[in-house]
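Here's the structure, in structure tokens; my notes come after.
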Amino acid sequence: MVSCAAAESPERDRERAGDRNSEPAGDPVGDPDEAERPEQEDEEPGRPGHSRSRDLLLLVGICLAALLLVNAFVARPFSVPSGSMEDTLHPGDRLIANQLAYAFGGHPERGDIVVFDGTGSFLRESAKPTGFWDDVRSLARDLGLAPAGDTLYVKRVIGVGGDRVTSTGPGAPITVNGVPVDETSYLSPGDDPSSVAFDVVVPTGELWVMGDHRSASRDSRDHLGEPGGGFVPEEKVIGRADWVVYPFSRWTGLDRPAAFAVTAGTGGHGDQG
1 MVSCAAAESP
11 ERDRERAGDR
21 NSEPAGDPVG
31 DPDEAERPEQ
41 EDEEPGRPGH
51 SRSRDLLLLV
61 GICLAALLLV
71 NAFVARPFSV
81 PSGSMEDTLH
91 PGDRLIANQL
101 AYAFGGHPER
111 GDIVVFDGTG
121 SFLRESAKPT
131 GFWDDVRSLA
141 RDLGLAPAGD
151 TLYVKRVIGV
161 GGDRVTSTGP
171 GAPITVNGVP
181 VDETSYLSPG
191 DDPSSVAFDV
201 VVPTGELWVM
211 GDHRSASRDS
221 RDHLGEPGGG
231 FVPEEKVIGR
241 ADWVVYPFSR
251 WTGLDRPAAF
261 AVTAGTGGHG
271 DQG
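So that you can map any letter, position 175 of the sequence shown is 175 in the working numbering, and since no number is skipped, the others follow by simple counting.
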């Protein structure tokens, strides 16, 4: 009996030792990365929110950059400053100037409404040299981030380079290359085509422009005796006014009037499209 007990003792001791080794002792020991997972999981909820915020800011930045580029090079908004273009345009109307209308070799055509910088034609060039802040303001105006200023005008093109434009005064129509133009579709009611007589030949690369409210418009006629002769260089044209977008009740497109169809084939670059 003693010998059997003694013989079995080592096996039982080994079993007991094996049982002790198989039982967990203290904290479980596993993959070291698993111990860090709770912290990582706690951080995970913040990451998607941070990523979404960053993506949103990036999207806003892209949209703003695209808007500035469109505003600077494609379509630019302007506010009509006076009643010189009534009843086609009213003071305070917001219009969009299409800056690509004359790109790639195009030219303003008779009947177009154009937005242009009158510096050097309707206004004298400033003798004061421009400084840093003047350049900044000019860039801001080009991008639509600042008011357009008082050097910009909105008028209708009556004559293009090479045209002879004439008027004999009150009661008489404007003639372009000897052809009378019926302007009743857009002239302000009660206005004569011109209350003053003139006879001009438009130089190549320049324009003769007039307001639709002829009795209240200071246009090419008012600058006949000045060095520029009242002509506006095409390079000063910012764009063609294509739409009135505000107030919404006046939302409309600004099409070229059919009245100028009678001048086709009479000369000037207007016949080249």
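Quick reminder that beta carbons are idealized off the backbone N, C-alpha and C, glycines included.
One or two residues paired with residue i in a DSSP bridge
| i | result |
| --- | --- |
| Y153 | F116 |
| A172 | None; A172 has no bridge partner. |
| D199 | T166 |
| V179 | V176 |
| I96 | P77 and W243 |
| P233 | E206 |
Close-in-space but distant-in-sequence residues of the same chain around residue i (CB under 6 Å, 5 per side omitted)
| i | result |
| --- | --- |
| V244 | D93, L95, R250 and T252 |
| P233 | E206 |
| D182 | A259 |
| W208 | I158, G159, V165, V202 and S220 |
Residues near residue i by beta carbon distance below 7 Å, same chain, minus five either side
| i | result |
| --- | --- |
| G161 | V202, P203, T204, G205, E206, G268 and H269 |
| A261 | none |
| V180 | What sits at residue 180 in the sequence shown is Pro, not Val. Cβ within range, chain order: P173. |
Residue nearest to residue i in terms of C-alpha spacing, selected from the options
| i | options | result |
| --- | --- | --- |
| G230 | D182, G61, L57 and D199 | D199 |
| H90 | L152, S79, G120 and E183 | S79 |
| A216 | D255, D87, A264 and I113 | D87 |
| D112 | D212, Y246, R221 and L224 | D212 |
| S82 | Y153, S53, F104 and A101 | Y153 |
| W266 | P227, G169, V165 and W208 | For the record, residue 266 in the displayed sequence is Thr; it is not Trp. The candidate whose alpha carbon is nearest that of T266 is V165. |
| P257 | G169, R110, R52 and V179 | R110 |
| G169 | R221, S185, K155 and D163 | R221 |
| G178 | T184, G171, D163 and S185 | D163 |
| D117 | I238, G228 and P247 | I238 |
| G228 | S121, R156 and P180 | S121 |
| A172 | V262, P77, A197 and G225 | A197 |
| R156 | S167, R76, V115 and I174 | V115 |
Sequence-distant residues of the same chain with beta carbon closer than 8 Å to residue i, five excluded per side
| i | result |
| --- | --- |
| L123 | T151 |
| T119 | E125, S126, T151 and K236 |
| R214 | L187, S188, D191, D192, P193, S194 and S195 |
| Y102 | P108, E234, V237, G239 and R240 |
Buried versus exposed, by CB contacts within 10 Å (16 or more), residue i
| i | result |
| --- | --- |
| P108 | buried |
| V176 | buried |
| I62 | exposed |
| S185 | exposed |
| S51 | exposed |
| S167 | buried |
Cβ pair residue i, residue j closer than 8 Å
| i | j | result |
| --- | --- | --- |
| M210 | I158 | yes |
| N98 | D242 | yes |
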